[in-house]
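Structure, as structure tokens:
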Amino acid sequence: QSALTQPASVSGSPGQSITISCTGTSTDIVAYNYVSWYQQHPGKAPKLMIYDVSNRPSGVSNRFSGSKSGNTASLTISGLQAEDEADYYCTSYRSNSDLVFGTGTKVTVL
Amino acid sequence: QVQLQESGPGLVKPSQTLSLTCTVSGASVSSNNYYWTWIRQAAGKGLEWIGRIYTSGITNYNPSLKSRLIISLDTSKNEFSLNLNSVTAADTAVYHCVRESLHYYMDVWGKGTTVTVSS
């Protein structure tokens, strides 16, 4: 079961905006609007940040936004803060009822 | 407040069966609105979807684990369980139980339990 492709690392200075990409195929990201994003700090369980491509759960900062175009979903963090330094994972529903994760991206705040 | 708590042995011998239970509080595993799911993460690696179960008992499994995996539900105890047989060192990971929405996103996570496969 091949994973969705994310950049290994992305960095930015405080206050800047960064975007993390998540590339899939015609059987997952292209076909369904069931893309979600998770933030994971070291030693902690992941936290849901975006669901259904672009929806934010209650309590998640509006600095986090999601989008999708073709086979690529994206997570944008605006006004980057030190607390945003973490690993980020995308997921997508895939044909045959599977769920597939992205390879993960380490975000560093310079 | 919905909480999920994993329990089970932290050490399993190779070729044996890994068995974990997830106790759910603040929500019912009989709900029609959610799946109940297992996710794992090997040290220093990414997240891997293991599989899910619905209140009806219908299951979906990761194709790479399907031949070794059973996920079950105990509505009387409000729990769900994972059984993975013929384990190897590659199954060493932190295992999370998770509530998964019908739109396939995970909104509540257990803290995770570490399982090591070693003789």
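Those protein sequences? They're chains A and B, same order as listed.
Residue numbers for the first sequence follow the working numbering, so the first one is 206 and each next one is one higher.
Residue numbers for the second sequence follow the working numbering, so the first one is 204 and each next one is one higher.
Even for Gly, the Cβ is constructed at its ideal location relative to N, Cα and C.
By a beta-carbon distance limit of 8 Å, Val205/B contacts Val311/B. Their separation comes to about 5 Å. Following the DSSP letters along the chain, one finds Tyr256/A in no beta strand (DSSP E), marked with neither H nor E. Around the CB of Pro247/A, fewer than 16 other CB atoms lie within 10 Å, so the residue is classed as exposed.
Close CB contacts of Leu287/B within its chain, under the 6 Å cut and outside five residues either way in sequence, are with Leu221, Arg271, Leu272 (chain order). Taking a Cβ-Cβ cut-off of 8 Å, the neighbours of Ser302/A in chain B comprise Asn263, given in sequence order. At the C-beta level, Ser289/B and Ser275/B stay beyond 8 Å of one another. Against chain A, the beta carbon of Tyr308/B has neighbours under 8 Å at Tyr239, Ser241, Leu253, Tyr256, Asp257, Thr296, listed in chain order. Listed along chain A is no residue with a C-beta nearer than 8 Å to that of Pro212/B; the closest approach is about 20 Å.
For chain B, the residues of the region 281-293 of chain A that bring a beta carbon within less than 9 Å of one of its beta carbons are Asp292, in chain order. Distance check between Asp257/A and each of Gly271/A, Tyr293/A, Ser216/A places Gly271/A closest, using alpha-carbon atoms only. In this structure, the straight-line span from the alpha carbon of Gly217/A to that of Leu280/A is close to 14 Å. Against chain B, the CB of Phe269/A has no partner CB under 8 Å away; the residue lies outside that interface. Contact between Val232/B and Leu207/B does not hold, since their C-beta atoms are separated by about 10 Å, which reaches or exceeds 8 Å. With a minimum length of 3 residues, the unbroken runs of beta strand (DSSP E) contained wholly in the region 276-314 of chain B fall at 282-287, 296-304, 309-312. Two segments are said to touch when three or more pairs of C-beta atoms, one from each, lie closer than 8 Å; by this definition the region 290-300 of chain B does not touch the region 222-232 of chain A. Separation of Ser283/A and Leu315/A (C-alpha to C-alpha, rounded to the nearest whole angstrom) is 14 Å. The C-beta of Ser297/A has 16 or more other C-beta atoms within 10 Å across all chains shown, which makes the residue buried.
Under the 8 Å Cβ criterion, the region 296-312 of chain A counts as touching the region 236-251 of chain A, having at least three qualifying pairs. One thing to note: Thr313/A has its Cβ no nearer than 8 Å to the Cβ of Ser231/A.
Residue contact with chain B for Thr224/A: absent (no Cβ-Cβ distance below 8 Å to any residue of chain B).
DSSP places Lys273/A inside the beta strand (DSSP E), whose first and last residues are 269-274.
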